[in-house]
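In this note's numbering, the protein residues as written are 131 to 312.
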């Protein structure tokens, strides 16, 4: 059996290793970097403008500074690809995090509207899943219930959740039908 102290040290070591692994680029990546392409990649990933600062910190350890002019040019190109309205819809549906980088882009407003629409559909799906798991738990509790009063209470809760599920499914269908995807 592992002692609490050994477990604590193990967890601390793991956390340091994880935090150390959070650099935006490895030493090899810094040495081989095409800063324009790195900017394109960061833009396509929806990274914020200050991402180049993360690269500068990561690469400073090996004495390399990013070519910020080339990175910025690439980032702007990548952002044009990222900020397409259809991409906003897809990112929202997946529940992915949006860093607000499209506001100043030509299609920025359409991207953000589509992202929000997709995010609403995603969030409803998440609530449907939570409700489903709660219904499963209540059904198990109902099977184990000892009194009529407890069974009555559990059935009432299940009915309420069933009605909520129907309402959420209807709302999700309406969001899907009315969502902008241009």
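Glycine included, every Cβ here is placed at the ideal spot set by N, Cα and C.
Between residue 174 and residue 211, the C-beta gap is smaller than 8 Å, which places the two residues in contact.
Note on residue 221: 16 or more other CB atoms within 10 angstroms of its CB, so buried under the neighbour-count rule. Inclusion of residue 208 and residue 172 in the CB contact set at 8 Å is warranted, their separation being smaller than that value. The alpha carbon of residue 153 has as its nearest neighbour, out of 186, 247, 218 and 288, the alpha carbon of 186. In the structure shown, the three-state DSSP call for residue 191 is coil.
Your pair residue 194 and residue 161 checks out as a contact, with CB atoms roughly 7 Å apart and the cut at 8 Å. Annotated as distal: residue 268 and residue 295, with beta-carbon spacing of 8 Å or more.
Of all alpha-carbon atoms in 158, 184, 214 and 301, the one lying nearest the alpha-carbon of residue 250 is that of 301. Only exposed fits residue 266, as fewer than 16 other CB atoms lie within 10 angstroms of its CB. In this structure, the beta-carbon distance from residue 271 to residue 291 does not fall below 8 Å. Residue 286 carries a helical assignment under DSSP once its states are collapsed to helix, strand and coil. Residue 208 carries a helical assignment under DSSP once its states are collapsed to helix, strand and coil. Assigned with DSSP and collapsed to three states, residue 277 falls in coil, not helix or strand. For residue 215, the enclosing alpha helix (DSSP H) begins and ends at 215 to 224. Per DSSP, the continuous alpha helix (DSSP H) segment holding residue 167 begins and ends at 165 to 174.
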